[in-house]
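Numbering (this note's numbering), first residue to last: 439 to 791.
Ideal Cβ placement from N, Cα and C applies to all residues, glycine included.
Since this is a predicted model, take the numbers as computed values, not measurements.
Everything on this sheet refers to the single structure shown next.
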Amino acid sequence: MMQSNSSAPHGRGGIYTLVQNGTVIHEKPATILRGQGSEISSDKVLKGRGKRKLISQKMSLSLADIAREKENDDWMKSFYNTYHCQNRIYSFEGRLYGNYCKNRHCTLCSSIRKAEIINRYYPVLSEWKEPYFVTLTIKACNSKKLKDVMRSVLLGFQRIVSKYRKRNQRDKGSLRLVGIKSLECNFNPQRKTYNPHLHLIVQNKEVAEVLVAEWLSTSNKGHTSPKAQNIRKVDDLEHDLIETIKYGSKIFTEPDVEKKAKIKNSGEIYARALYNIFNAMKGLRIFDRFGFDLPKTKHKMRFPKVVVDYAEWVFDPTYQDWLNTENELNLTAFHADPALLYLLENKVDKHLE
Ligand SMILES: [Zn+2]
């Protein structure tokens with residue numbers, strides 16, 4: 439006779455391992471792991487996860503406060519999802535598994551997303567003989583105009599790409615625009631303005647120069663200045679690829695937080711400005727490629743695994759770490775730098791926008 443799940447000791451929706459005579463041999467329920475998980479390759483990787491969790495939690499609460507004040511329930515829910523992202527994780531055969539919130543503003547999820555992009559794009563971009571890094575900018579704007587300006591930046595760029603694509607379809611010898619692009623936005627707290635801009639890595643110098651020339655000639659008069667556009671040769675592809683896919687907003691990214699924390703007396707995190715940036719970016723495609731396709735990867739079937747000999751870890755805000763549910767050992771043993779803690783505790787400005 440089968441023992442029912444409801445009478446099992448740890449009813450958390452897991453399934454239970456039964457032997458043939460129907461008695462439970464493991465106290466711990468089996469669990470289902472989905473996806474590929476992420477490798478626990480080093481202590482540094484674990485500590486990085488601890489640090490991102492800290493930043494993500496602190497910032498989510500600040501952003502949720504602003505969403506509450508603006509009575510935007512969708513954003514509030516979204517920030518709380520991020521607050522809880524990967525609160526429960528499982529380790530199994532050297533990999534970590536958890537549920538991801540998949541939000542753009544989540545530092546845990548965006549670091550995984552960034553790593554995926556790097557792994558997919560690096561092999562292709564490294565074949566380009568002389569790649570160039572390009573920055574295309576437009577006149578800064580206030581928070582109210584931000585979404586419209588972002589849209590027009592993406593649309594303006596798209597028009598340039600389409601023009602050359604059509605030309606190339608008629609004349610195969612004409613220049614093809616090939617590259618990747620990412621929309622980013624910084625906030626200037628002195629002027630209280632936002633500057634949406636594009637970072638690109640393109641195939642060669644000619645593409646870089648054509649893009650800048652087209653950008654200047656097609657944008658509205660007075661909205662772009664030649665001095666504010668930039669091209670340079672890519673010397674360190676990995677560095678520039680990371681630079682390009684910073685994922686939207688500089689203020690939130692971890693290396694910047696770290697950098698700011700180290701500079702004495704500097705640094706505020708402008709939560710309201712961040713909120714405005716995420717809000718403006720909602721629904722926009724901020725990273726994309728143009729003029730080339732990625733090689734087809736064999737679609738990996740990801741079967742969920744049912745496992746028993748896993749360890750389960752639950753995040754404990756008091757310890758700022760995940761604790762093992764059986765023996766209370768901590769997962770990362772991450773200790774935040776006092777400067778980072780100070781920045782997150784005391785230097786988050788929720789007013790300026
Ligand atoms: Zn997340």
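- By the criterion of a C-beta distance shorter than 6 Å, tryptophan 513 is surrounded in its chain by Ala505, once the five residues flanking it on both sides are discounted.
- Around aspartate 787, the same chain offers Glu706, Tyr708 as residues with beta carbons nearer than 6 Å, after the five sequence neighbours per side are excluded.
- Those residues having their beta-carbon less than 6 Å away from any non-hydrogen atom of ligand 1 are, in chain order, Thr520, Cys523, Tyr538, Cys539, Asn541, Cys544, Leu546, Cys547.
- Between leucine 621 and leucine 722, the C-beta gap is smaller than 8 Å, which places the two residues in contact.
- Under the Cβ criterion (8 Å, minimum of three pairs), the segment 524–538 counts as touching the segment 478–486.
- The straight-line gap separating the alpha-carbon atoms of arginine 558 and serine 564 is approximately 11 Å.
- Per DSSP, the unbroken alpha helix (DSSP H) holding leucine 654 starts and ends at 643–656.
- Glycine 594 is not a Cβ neighbour of threonine 682, given a cutoff of 8 Å.
- Counting only the Cα atoms, phenylalanine 517 lies some 24 Å from histidine 773.
- Under the three-state reduction of DSSP, isoleucine 680 is assigned to helix.
- For lysine 671, the enclosing beta strand (DSSP E) begins and ends at 668–671.
- Under a 10 Å Cβ-count criterion, aspartate 754 is classified as exposed, with fewer than 16 other Cβ atoms of the shown protein chains found around its own Cβ.
- Selection Ile555, Ser494, Ile470, Thr756 evaluated against isoleucine 724 yields Ile555 as nearest (Cα-Cα).
- The alpha helix (DSSP H) runs of length 4 or more contained entirely in the segment 468–554 are, from start to end of the chain, 481–507, 511–521.
- Looking at Leu615, Lys582, Asn717, the one whose alpha-carbon comes closest to that of tyrosine 570 is Leu615.
- If you look at tyrosine 780, you'll find it in the alpha helix (DSSP H) that goes 776–784.
- When secondary structure is reduced to three states using DSSP, proline 634 falls in the strand class.
- Glycine 594: member of the alpha helix (DSSP H) spanning 584–608, first to last residue.
- Closest by C-alpha distance to asparagine 633, out of Arg597, Asp674, Asn580, Lys540, is Asn580.
- Rounded to the nearest angstrom, the Cβ distance from leucine 499 to proline 627 is 21 Å, too far for a contact under 8 Å.
- If you draw a straight line from the Cα of asparagine 768 to the Cα of arginine 710, it comes to about 34 Å.
- Excluding its 5 nearest sequence neighbours in each direction, tryptophan 566 has C-beta neighbours in its own chain below 6 Å: Gln641, listed in chain order.
- Judged by their CB atoms, isoleucine 669 and alanine 646 are nearer to each other than the 8 Å cut-off.
- Scanning its chain for C-beta atoms nearer than 6 Å, with the 5 sequence neighbours on each side dropped, one finds around lysine 743 the residues Leu471, in chain order.
- Valine 752 and valine 587 have their C-alpha atoms spaced approximately 42 Å apart.
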